[in-house]
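One structure below.
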Amino acid sequence: MPATESSSSRSSGIAPHPLCDQLQYVCLGSGKYRYGAQYKVKYIEYMKGLKAWAESEYSHPKVKAIYNYCHNCDLLSDLISTAIINVDENGKLTEEKIEGTQYEKCLVRWVVYSDDETNPKTWEDKTLFDSYYNYNNSIQNPSEADICYVTGVKSSIATNHPKGIVRATYGAKLISTNDSANYTYRGRFSEWNQAAVIGLESSQKAHNALSWLVANQGQNMGGRTYVAWNPKGKKIPKAGGIFDDFDDVADMTTNTMPEYKEKLNDLLKGYRKELDAHDDVVIIVLDAATTGRLSVAYYNELRSSDFIDRIQLWHETCCWFFKWFNKEGTMVENITSPITSSIIKCSF
-19 MPATESSSSR SSGIAPHPLC DQLQYVCLGS GKYRYGAQYK VKYIEYMKGL KAWAESEYSH
41 PKVKAIYNYC HNCDLLSDLI STAIINVDEN GKLTEEKIEG TQYEKCLVRW VVYSDDETNP
101 KTWEDKTLFD SYYNYNNSIQ NPSEADICYV TGVKSSIATN HPKGIVRATY GAKLISTNDS
161 ANYTYRGRFS EWNQAAVIGL ESSQKAHNAL SWLVANQGQN MGGRTYVAWN PKGKKIPKAG
221 GIFDDFDDVA DMTTNTMPEY KEKLNDLLKG YRKELDAHDD VVIIVLDAAT TGRLSVAYYN
281 ELRSSDFIDR IQLWHETCCW FFKWFNKEGT MVENITSPIT SSIIKCSF
(Lines of atoms letter the chains of each structure in order from A and count residues from 1; the text may use other names and numbers.)
(Lines give C-alpha, C1' and ligand atoms only; values in the text may rest on other atoms or scores of the structure.)
Protein backbone atom coordinates (compact mmCIF):
# COMPACT_ATOMS: atom_id res chain seq x y z
CA MET A 1 0.00 0.00 0.00
CA PRO A 2 1.41 3.43 -0.91
CA ALA A 3 2.81 5.60 1.86
CA THR A 4 4.43 9.01 1.94
CA GLU A 5 7.71 9.72 3.66
CA SER A 6 5.82 11.39 6.51
CA SER A 7 3.00 8.85 6.84
CA SER A 8 5.33 5.85 6.98
CA SER A 9 6.99 7.30 10.07
CA ARG A 10 4.06 9.11 11.69
CA SER A 11 3.42 8.88 15.41
CA SER A 12 1.11 11.50 16.91
CA GLY A 13 0.99 13.99 14.04
CA ILE A 14 -1.44 14.16 11.13
CA ALA A 15 0.10 12.49 8.08
CA PRO A 16 -2.34 10.52 5.89
CA HIS A 17 -1.34 7.65 3.64
CA PRO A 18 -2.07 8.31 -0.06
CA LEU A 19 -4.78 5.64 -0.47
CA CYS A 20 -5.46 3.03 2.24
CA ASP A 21 -5.54 4.37 5.77
CA GLN A 22 -7.30 4.22 9.12
CA LEU A 23 -11.03 4.89 9.29
CA GLN A 24 -10.45 8.19 11.09
CA TYR A 25 -8.67 9.52 7.99
CA VAL A 26 -10.81 8.27 5.13
CA CYS A 27 -14.31 9.37 6.17
CA LEU A 28 -15.79 12.70 7.21
CA GLY A 29 -18.46 10.99 9.27
CA SER A 30 -15.99 10.08 11.99
CA GLY A 31 -15.97 13.75 12.99
CA LYS A 32 -19.77 13.63 13.23
CA TYR A 33 -19.87 10.56 15.44
CA ARG A 34 -16.87 11.03 17.71
CA TYR A 35 -14.37 13.60 18.96
CA GLY A 36 -15.25 16.29 16.40
CA ALA A 37 -12.77 18.65 14.73
CA GLN A 38 -9.63 16.51 15.05
CA TYR A 39 -10.93 13.88 12.63
CA LYS A 40 -12.22 16.49 10.21
CA VAL A 41 -8.67 17.81 9.80
CA LYS A 42 -7.40 14.28 9.13
CA TYR A 43 -10.09 13.73 6.51
CA ILE A 44 -9.32 17.07 4.81
CA GLU A 45 -5.60 16.25 4.63
CA TYR A 46 -6.34 12.76 3.31
CA MET A 47 -8.68 14.10 0.62
CA LYS A 48 -6.21 16.82 -0.35
CA GLY A 49 -3.53 14.24 -1.13
CA LEU A 50 -5.96 11.86 -2.82
CA LYS A 51 -7.35 14.64 -5.02
CA ALA A 52 -3.89 15.72 -6.15
CA TRP A 53 -3.08 12.15 -7.20
CA ALA A 54 -6.48 11.60 -8.85
CA GLU A 55 -6.20 14.79 -10.91
CA SER A 56 -2.56 14.33 -11.94
CA GLU A 57 -1.40 12.99 -15.29
CA TYR A 58 -0.25 9.85 -13.46
CA SER A 59 -3.69 9.07 -12.04
CA HIS A 60 -5.32 5.64 -12.04
CA PRO A 61 -8.98 4.64 -12.60
CA LYS A 62 -9.20 3.09 -9.14
CA VAL A 63 -7.80 6.21 -7.51
CA LYS A 64 -10.41 8.35 -9.28
CA ALA A 65 -13.18 5.97 -8.20
CA ILE A 66 -12.07 6.03 -4.56
CA TYR A 67 -11.78 9.83 -4.57
CA ASN A 68 -15.28 10.23 -6.03
CA TYR A 69 -16.71 7.85 -3.43
CA CYS A 70 -15.01 9.58 -0.50
CA HIS A 71 -15.99 13.01 -1.84
CA ASN A 72 -19.66 12.23 -2.51
CA CYS A 73 -20.43 9.52 0.06
CA ASP A 74 -19.79 8.80 3.72
CA LEU A 75 -18.00 5.54 4.38
CA LEU A 76 -18.77 5.53 8.09
CA SER A 77 -22.50 5.94 7.49
CA ASP A 78 -22.38 3.02 5.04
CA LEU A 79 -20.57 0.88 7.61
CA ILE A 80 -23.15 1.76 10.27
CA SER A 81 -26.10 1.05 7.97
CA THR A 82 -24.70 -2.40 7.19
CA ALA A 83 -24.09 -3.12 10.92
CA ILE A 84 -20.34 -3.49 10.46
CA ILE A 85 -19.91 -0.65 12.96
CA ASN A 86 -22.34 0.01 15.81
CA VAL A 87 -23.53 3.25 17.43
CA ASP A 88 -25.35 3.87 20.71
CA GLU A 89 -28.77 5.49 21.21
CA ASN A 90 -27.16 8.94 20.92
CA GLY A 91 -25.62 8.18 17.54
CA LYS A 92 -22.11 7.92 19.00
CA LEU A 93 -19.71 5.15 18.08
CA THR A 94 -19.60 2.43 20.71
CA GLU A 95 -16.41 1.26 22.40
CA GLU A 96 -16.59 -2.06 20.55
CA LYS A 97 -13.60 -3.29 18.59
CA ILE A 98 -13.01 -5.22 15.39
CA GLU A 99 -10.51 -8.00 16.06
CA GLY A 100 -9.11 -6.03 18.99
CA THR A 101 -8.82 -2.70 17.15
CA GLN A 102 -10.84 0.41 17.93
CA TYR A 103 -13.17 1.51 15.15
CA GLU A 104 -11.31 4.69 14.25
CA LYS A 105 -7.97 2.86 14.04
CA CYS A 106 -9.20 0.07 11.77
CA LEU A 107 -7.37 -0.02 8.46
CA VAL A 108 -9.50 0.56 5.36
CA ARG A 109 -8.33 -1.23 2.21
CA TRP A 110 -10.19 -0.44 -0.97
CA VAL A 111 -11.66 -2.97 -3.39
CA VAL A 112 -12.72 -1.45 -6.73
CA TYR A 113 -14.66 -3.54 -9.25
CA SER A 114 -14.60 -2.66 -12.94
CA ASP A 115 -15.76 -4.06 -16.28
CA ASP A 116 -12.34 -5.46 -17.12
CA GLU A 117 -10.67 -8.43 -15.44
CA THR A 118 -8.13 -6.49 -13.38
CA ASN A 119 -7.60 -7.43 -9.74
CA PRO A 120 -10.11 -5.39 -7.71
CA LYS A 121 -7.84 -5.38 -4.63
CA THR A 122 -5.88 -2.13 -4.64
CA TRP A 123 -3.11 -3.54 -2.44
CA GLU A 124 -2.34 -6.19 -5.08
CA ASP A 125 -2.57 -4.02 -8.22
CA LYS A 126 0.92 -3.37 -9.61
CA THR A 127 -0.39 -0.82 -12.12
CA LEU A 128 -1.62 1.23 -9.18
CA PHE A 129 1.79 0.96 -7.50
CA ASP A 130 3.45 2.21 -10.69
CA SER A 131 0.92 5.04 -10.86
CA TYR A 132 1.82 6.28 -7.40
CA TYR A 133 5.55 5.80 -8.00
CA ASN A 134 5.41 8.01 -11.09
CA TYR A 135 3.17 10.56 -9.39
CA ASN A 136 5.37 10.74 -6.31
CA ASN A 137 8.48 11.28 -8.43
CA SER A 138 6.74 14.09 -10.30
CA ILE A 139 6.08 16.10 -7.13
CA GLN A 140 9.60 15.88 -5.71
CA ASN A 141 11.48 19.17 -5.50
CA PRO A 142 14.66 18.98 -7.65
CA SER A 143 16.35 21.58 -5.44
CA GLU A 144 16.18 19.14 -2.51
CA ALA A 145 18.09 16.41 -4.37
CA ASP A 146 21.51 15.32 -3.12
CA ILE A 147 24.00 12.48 -3.51
CA CYS A 148 22.60 9.26 -2.04
CA TYR A 149 25.34 7.55 -0.01
CA VAL A 150 23.92 4.14 -0.95
CA THR A 151 23.77 4.44 -4.75
CA GLY A 152 26.11 7.38 -5.36
CA VAL A 153 23.45 8.93 -7.58
CA LYS A 154 21.89 12.36 -7.12
CA SER A 155 18.25 11.82 -6.14
CA SER A 156 15.50 12.92 -3.76
CA ILE A 157 16.71 12.56 -0.19
CA ALA A 158 14.83 10.91 2.66
CA THR A 159 14.31 13.18 5.65
CA ASN A 160 12.10 10.71 7.56
CA HIS A 161 12.79 7.00 7.55
CA PRO A 162 10.11 4.31 8.06
CA LYS A 163 9.37 2.61 11.35
CA GLY A 164 7.68 -0.73 12.00
CA ILE A 165 10.48 -3.03 10.80
CA VAL A 166 9.89 -5.31 13.78
CA ARG A 167 6.21 -5.75 14.59
CA ALA A 168 6.80 -6.31 18.31
CA THR A 169 8.52 -2.91 18.59
CA TYR A 170 6.57 -1.09 15.90
CA GLY A 171 7.63 2.45 16.82
CA ALA A 172 11.38 1.73 16.75
CA LYS A 173 13.40 3.19 13.86
CA LEU A 174 16.64 1.82 12.47
CA ILE A 175 17.61 5.27 11.14
CA SER A 176 16.54 8.24 13.21
CA THR A 177 15.74 11.65 11.78
CA ASN A 178 18.42 14.31 11.97
CA ASP A 179 17.12 17.37 13.74
CA SER A 180 18.64 20.71 14.63
CA ALA A 181 17.86 20.47 18.34
CA ASN A 182 19.92 18.99 21.18
CA TYR A 183 23.17 19.35 19.27
CA THR A 184 22.68 16.24 17.15
CA TYR A 185 25.35 17.25 14.64
CA ARG A 186 26.57 20.67 15.79
CA GLY A 187 30.28 21.07 16.33
CA ARG A 188 31.10 18.99 13.26
CA PHE A 189 28.66 20.20 10.61
CA SER A 190 26.58 23.30 10.03
CA GLU A 191 23.75 21.41 8.26
CA TRP A 192 22.27 17.95 8.86
CA ASN A 193 22.83 16.75 5.28
CA GLN A 194 26.59 17.32 5.47
CA ALA A 195 26.97 14.16 7.56
CA ALA A 196 25.33 11.44 5.47
CA VAL A 197 22.20 11.30 3.38
CA ILE A 198 20.19 8.41 1.96
CA GLY A 199 17.98 8.63 -1.10
CA LEU A 200 14.23 8.30 -0.62
CA GLU A 201 14.03 5.34 -3.00
CA SER A 202 17.00 3.60 -1.36
CA SER A 203 15.49 4.08 2.10
CA GLN A 204 12.10 2.72 1.05
CA LYS A 205 13.58 -0.30 -0.72
CA ALA A 206 15.88 -1.19 2.17
CA HIS A 207 13.27 -0.77 4.91
CA ASN A 208 10.52 -2.61 3.00
CA ALA A 209 12.86 -5.49 2.13
CA LEU A 210 14.02 -5.83 5.74
CA SER A 211 10.44 -5.62 7.02
CA TRP A 212 9.44 -8.45 4.68
CA LEU A 213 12.41 -10.58 5.77
CA VAL A 214 11.60 -10.05 9.45
CA ALA A 215 7.93 -10.91 8.92
CA ASN A 216 8.56 -14.01 6.81
CA GLN A 217 11.92 -15.38 7.97
CA GLY A 218 12.55 -13.76 11.35
CA GLN A 219 12.54 -15.41 14.74
CA ASN A 220 11.97 -13.43 17.94
CA MET A 221 13.79 -14.67 21.03
CA GLY A 222 14.49 -12.78 24.24
CA GLY A 223 13.40 -9.45 22.82
CA ARG A 224 15.74 -9.74 19.84
CA THR A 225 14.86 -10.62 16.26
CA TYR A 226 17.07 -13.05 14.33
CA VAL A 227 16.95 -13.14 10.53
CA ALA A 228 18.97 -15.10 7.97
CA TRP A 229 18.60 -14.89 4.21
CA ASN A 230 20.30 -15.39 0.87
CA PRO A 231 20.69 -12.14 -1.15
CA LYS A 232 19.60 -13.98 -4.32
CA GLY A 233 16.35 -15.07 -2.70
CA LYS A 234 17.23 -18.76 -2.49
CA LYS A 235 15.72 -20.83 0.29
CA ILE A 236 17.82 -21.36 3.42
CA PRO A 237 17.03 -22.95 6.80
CA LYS A 238 14.75 -20.69 8.81
CA ALA A 239 15.79 -19.49 12.25
CA GLY A 240 14.09 -21.54 14.93
CA GLY A 241 14.55 -25.09 13.67
CA ILE A 242 15.27 -26.78 10.36
CA PHE A 243 12.84 -29.61 11.11
CA ASP A 244 9.98 -27.14 10.66
CA ASP A 245 10.32 -27.92 6.95
CA PHE A 246 8.92 -31.42 7.41
CA ASP A 247 5.33 -31.65 6.21
CA ASP A 248 4.31 -34.06 8.96
CA VAL A 249 5.53 -34.47 12.53
CA ALA A 250 5.80 -38.20 11.87
CA ASP A 251 8.38 -37.50 9.15
CA MET A 252 10.85 -36.16 11.70
CA THR A 253 10.41 -38.98 14.22
CA THR A 254 13.63 -40.97 14.61
CA ASN A 255 14.46 -43.70 17.11
CA THR A 256 18.10 -44.44 16.29
CA MET A 257 21.11 -42.21 15.72
CA PRO A 258 21.82 -43.53 12.18
CA GLU A 259 18.20 -42.86 11.20
CA TYR A 260 18.40 -39.36 12.69
CA LYS A 261 21.59 -38.52 10.78
CA GLU A 262 20.12 -39.91 7.56
CA LYS A 263 17.06 -37.65 7.81
CA LEU A 264 19.26 -34.70 8.76
CA ASN A 265 21.48 -35.28 5.72
CA ASP A 266 18.46 -35.65 3.43
CA LEU A 267 17.04 -32.35 4.66
CA LEU A 268 20.31 -30.43 4.36
CA LYS A 269 20.99 -32.01 0.98
CA GLY A 270 18.01 -30.12 -0.38
CA TYR A 271 19.47 -26.82 0.79
CA ARG A 272 22.93 -27.68 -0.57
CA LYS A 273 21.37 -28.44 -3.95
CA GLU A 274 19.53 -25.11 -3.97
CA LEU A 275 22.59 -23.08 -2.91
CA ASP A 276 25.88 -22.81 -4.76
CA ALA A 277 29.02 -23.20 -2.67
CA HIS A 278 29.89 -19.52 -3.15
CA ASP A 279 26.41 -18.16 -2.44
CA ASP A 280 26.26 -15.82 0.53
CA VAL A 281 24.10 -16.04 3.61
CA VAL A 282 23.45 -12.92 5.67
CA ILE A 283 22.67 -13.12 9.38
CA ILE A 284 21.38 -10.09 11.28
CA VAL A 285 20.13 -9.59 14.83
CA LEU A 286 17.93 -6.58 15.60
CA ASP A 287 17.37 -5.23 19.09
CA ALA A 288 15.17 -2.37 20.30
CA ALA A 289 16.82 -1.12 23.48
CA THR A 290 14.27 1.70 23.69
CA THR A 291 10.79 2.16 22.23
CA GLY A 292 12.01 4.49 19.49
CA ARG A 293 15.41 3.10 18.52
CA LEU A 294 16.22 -0.13 16.69
CA SER A 295 19.84 -1.27 16.57
CA VAL A 296 21.78 -3.92 14.67
CA ALA A 297 23.15 -6.03 17.52
CA TYR A 298 24.88 -8.51 15.20
CA TYR A 299 25.66 -8.71 11.48
CA ASN A 300 27.61 -11.32 9.55
CA GLU A 301 28.03 -12.56 5.99
CA LEU A 302 29.33 -16.05 5.28
CA ARG A 303 29.38 -18.63 2.53
CA SER A 304 26.33 -20.85 2.31
CA SER A 305 28.52 -23.95 2.53
CA ASP A 306 29.91 -22.78 5.89
CA PHE A 307 26.40 -21.90 7.06
CA ILE A 308 25.03 -25.37 6.24
CA ASP A 309 28.11 -27.09 7.71
CA ARG A 310 27.66 -25.26 11.02
CA ILE A 311 23.98 -26.21 11.16
CA GLN A 312 24.85 -29.84 10.48
CA LEU A 313 27.58 -29.84 13.14
CA TRP A 314 25.15 -28.44 15.71
CA HIS A 315 22.43 -30.98 15.01
CA GLU A 316 24.86 -33.92 14.90
CA THR A 317 26.71 -33.08 18.12
CA CYS A 318 23.84 -31.66 20.19
CA CYS A 319 21.04 -34.23 20.01
CA TRP A 320 19.55 -36.82 22.32
CA PHE A 321 16.34 -38.72 23.10
CA PHE A 322 13.40 -36.47 23.88
CA LYS A 323 10.06 -37.42 25.39
CA TRP A 324 7.10 -35.25 24.43
CA PHE A 325 3.33 -35.51 24.00
CA ASN A 326 1.57 -35.11 20.67
CA LYS A 327 -1.86 -33.54 20.09
CA GLU A 328 -3.59 -36.81 20.94
CA GLY A 329 -1.87 -36.89 24.34
CA THR A 330 0.32 -39.86 23.43
CA MET A 331 3.94 -39.80 24.59
CA VAL A 332 6.46 -39.85 21.75
CA GLU A 333 10.17 -40.56 22.12
CA ASN A 334 12.60 -39.61 19.41
CA ILE A 335 16.04 -38.17 18.74
CA THR A 336 16.27 -34.48 17.92
CA SER A 337 18.18 -31.30 18.73
CA PRO A 338 16.68 -28.71 21.08
CA ILE A 339 16.15 -25.20 19.80
CA THR A 340 18.28 -22.53 21.47
CA SER A 341 15.31 -20.79 23.11
CA SER A 342 14.41 -24.04 24.91
CA ILE A 343 17.99 -24.41 26.14
CA ILE A 344 17.95 -20.85 27.52
CA LYS A 345 14.58 -21.36 29.25
CA CYS A 346 15.75 -24.57 30.91
CA SER A 347 19.10 -23.05 31.92
CA PHE A 348 17.79 -19.82 33.41
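Residue numbers (the numbering used here): -19 to 328.
Glycine is no exception: its CB is placed at the ideal position from the N, C-alpha and C atoms.
Problem - Assigned secondary structure, residue 113 (DSSP; H/G/I helix, E/B strand, else coil) - result: Position 133 of the sequence shown holds residue 113. Residue 113: helix per DSSP, three-state reduction.
Problem - Whole-angstrom distance between residue 85 and residue 21, CA atom to CA atom - result: Here residue 21 is taken as the residue at index 41 of the sequence shown, counted from 1. Here residue 85 is taken as the residue at index 105 of the sequence shown, counted from 1. Distance between the alpha carbons of residue 21 and residue 85: 16 Å.
Practice task
Indicate whether residue 153 and residue 273 have their beta-carbon atoms separated by less than 9 Å.
Solution key: On the sequence shown, residue 153 is found 173 positions in, with the first residue counted as 1. On the sequence shown, residue 273 is found 293 positions in, with the first residue counted as 1. Yes, the pair counts as a contact, with Cβ atoms nearer than the cut-off.
Practice task
Can you give me the Cβ contacts of residue 89 inside the same chain, cut-off strictly under 8 Å, excluding the 5 residues immediately before and after it?
Solution key: Translated into positions along the sequence shown, residue 89 becomes position 109. Correct list, in chain order: -19, 0, 101, 102 and 103.
Exercise for the section: Could you pull the start and end residues of the alpha helix (DSSP H) that residue 180 belongs to? Expected result: As a working mapping, residue 180 is identified with position 200 in the sequence shown. Its alpha helix (DSSP H) spans residues 180 to 197.
Practice task
Please classify residue 129: does DSSP put it in a helix, a strand, or coil?
Solution key: Here the question's residue 129 lines up with position 149 in the sequence shown. Residue state, collapsed to three classes: coil.
Handout entry: Own chain, CB closer than 6 Å to residue 240, minus 5 neighbours either side, in chain order
Key = As a position in the sequence shown, residue 240 is number 260, starting the count at 1. Cβ neighbours of residue 240 beyond the five flanking positions: 234 and 315.
Handout entry: Per DSSP, the bridge partner or partners of residue 266
Key = Locating residue 266 in the sequence shown gives position 286, counting from the first residue. In the DSSP output, where bridge partners are listed per residue, residue 266 has 205 and 276.
Exercise for the section: With a 10 Å radius around its C-beta and 16 neighbouring C-beta atoms as the bar for buried, classify residue -5 as buried or exposed. Expected result: To locate residue -5, count along the sequence shown from 1; it is residue 15. Buried, by the Cβ-count rule.
Handout entry: Residue range of the unbroken alpha helix (DSSP H) whose run includes residue 304
Key = In the sequence shown, counting from the first residue as 1, residue 304 sits at position 324. Careful: residue 304 lies outside any alpha helix (DSSP H), inside the beta strand (DSSP E) at 300 to 305.
Problem - Residue range of the unbroken alpha helix (DSSP H) whose run includes residue 43 - result: Residue mapping note: residue 43 aligns to position 63 of the sequence shown, counting from 1. Taken as a continuous stretch (DSSP letters only), the alpha helix (DSSP H) holding residue 43 covers 41 to 52.
Exercise for the section: Measure the alpha-carbon distance for residue 216 versus residue 169 and round it to whole angstroms. Expected result: Start at 1 with the first residue of the sequence shown, and residue 216 comes out as number 236. Start at 1 with the first residue of the sequence shown, and residue 169 comes out as number 189. Taking the straight line joining both Cα atoms gives about 44 Å.
Exercise for the section: Determine the extent of the alpha helix (DSSP H) in which residue 67 is found, giving its start and end residues. Expected result: Here residue 67 is taken as the residue at index 87 of the sequence shown, counted from 1. From DSSP, residue 67 is part of no alpha helix (DSSP H); its letter is neither H nor E.
Practice task
Tell me where the beta strand (DSSP E) around residue 311 begins and ends.
Solution key: If you number the sequence shown from 1, residue 311 lands on position 331. First-last of the beta strand (DSSP E) with residue 311: 311 to 316.
Exercise for the section: Please state if the CB of residue 180 and the CB of residue 118 are separated by a distance shorter than 9 Å. Expected result: Against the sequence shown, residue 118 aligns to sequence position 138. Against the sequence shown, residue 180 aligns to sequence position 200. Not a contact, by the Cβ cut-off of 9 Å.
Exercise for the section: Measure the C-alpha to C-alpha separation of residue 324 and residue 199 and round it to an integer number of angstroms. Expected result: Numbered from its first residue, the sequence shown carries residue 324 at position 344. Numbered from its first residue, the sequence shown carries residue 199 at position 219. Computed Cα separation, rounded: 15 Å.
Handout entry: Beta-carbon proximity of residue 112 to residue 51, cut-off 9 Å
Key = Here the question's residue 112 lines up with position 132 in the sequence shown. Here the question's residue 51 lines up with position 71 in the sequence shown. No, they are not a contact pair.
Handout entry: Beta-bridge partners of residue 136, as assigned by DSSP
Key = Here residue 136 refers to the residue found at position 156 when the sequence shown is read from its first residue. According to DSSP, which records beta bridges pairwise, residue 136 is partnered with 125.
Problem - Cβ-based burial, residue 298 [other Cβ within 10 Å; buried from 16] - result: The residue given as residue 298 occupies position 318 in the sequence shown. Exposed is the call here.
Handout entry: For residue 102, three-class secondary structure by DSSP
Key = Counted from its first residue, the sequence shown places residue 102 at position 122. If DSSP states are grouped into helix, strand and coil, residue 102 belongs with the helices.
Handout entry: When 115, -2 and 2 are compared against residue 340, the one with the closest alpha-carbon
Key = The first residue shown for the chain is -19 and the last is 328, placing residue 340 beyond what the model contains.
Handout entry: Reduced DSSP category for residue 236 - H, G, I as helix; E, B as strand; rest coil
Key = Within the sequence shown, the letter at position 256 stands for residue 236. It is coil, neither helix nor strand.
Problem - Reduced DSSP category for residue -10 - H, G, I as helix; E, B as strand; rest coil - result: Counting from 1 along the sequence shown, the entry for residue -10 is found at position 10. Here residue -10 sits in coil by DSSP.
Problem - Through-space distance from residue 288 to residue 238, alpha-carbon basis - result: As a working mapping, residue 238 is identified with position 258 in the sequence shown. As a working mapping, residue 288 is identified with position 308 in the sequence shown. The straight-line gap from Cα to Cα measures roughly 19 Å.
Exercise for the section: Counting only the same chain and skipping the five closest in sequence on each side, list residues whose C-beta sits under 8 Å from that of residue 109. Expected result: If you number the sequence shown from 1, residue 109 lands on position 129. Counting only Cβ-Cβ distances below 8 Å, and skipping sequence neighbours, we find -18.
Practice task
Determine, using beta-carbon pairs with one atom in the segment 257 to 274 and one in the segment 204 to 214, whether at least three such pairs fall under 8 Å.
Solution key: yes
Exercise for the section: With DSSP collapsed to three states, give me the class of residue 281. Expected result: As a position in the sequence shown, residue 281 is number 301, starting the count at 1. Three-state result, residue 281: strand.
Problem - Environment of residue 141 [buried if 16+ CB atoms lie within 10 Å] - result: Residue mapping note: residue 141 aligns to position 161 of the sequence shown, counting from 1. Buried is the call here.
Practice task
Flag this pair as yes or no: are the beta carbons of residue 178 and residue 155 separated by less than 9 Å?
Solution key: As a first step, residue 178 must be located in the sequence shown, where it is residue number 198. As a first step, residue 155 must be located in the sequence shown, where it is residue number 175. For residue 178 and residue 155, yes; Cβs fall inside 9 Å.
Exercise for the section: Figure out for me which residue from 196, 138 and 74 has the closest Cα to the Cα of residue 173. Expected result: Indexing the sequence shown from 1 puts residue 173 at position 193. Comparing Cα-Cα distances from residue 173 to each of 196, 138 and 74, the minimum goes to 138.
Problem - Close beta carbons around residue 269, own chain, < 8 Å, minus the five adjacent residues each side - result: Position 289 of the sequence shown holds residue 269. Answer for residue 269: 275, listed in chain order.
Handout entry: residue 200 - partner residues in DSSP beta bridges
Key = As a working mapping, residue 200 is identified with position 220 in the sequence shown. In DSSP, residue 200 forms a bridge with 205.
Problem - Three-way DSSP call (helix, strand, coil) for residue 1 in this model - result: Locating residue 1 in the sequence shown gives position 21, where the first residue counts as 1. Residue 1 falls in the strand class under three-state DSSP.
Problem - Reduced DSSP category for residue 8 - H, G, I as helix; E, B as strand; rest coil - result: Sequence index remark: in the sequence shown, residue 8 carries index 28 (1-based). Residue state, collapsed to three classes: coil.
Handout entry: Cα-Cα separation between residue 99 and residue 56, rounded to whole angstroms
Key = What you label residue 99 is simply residue 119 of the sequence shown in a count that begins at 1. What you label residue 56 is simply residue 76 of the sequence shown in a count that begins at 1. So the two alpha carbons sit approximately 25 Å from each other.
Handout entry: Spatial distance of residue 311 from residue 71 (CA atoms)
Key = Position 331 of the sequence shown, counted from the first residue, corresponds to residue 311. Position 91 of the sequence shown, counted from the first residue, corresponds to residue 71. Straight-line Cα distance between these residues: approximately 57 Å.
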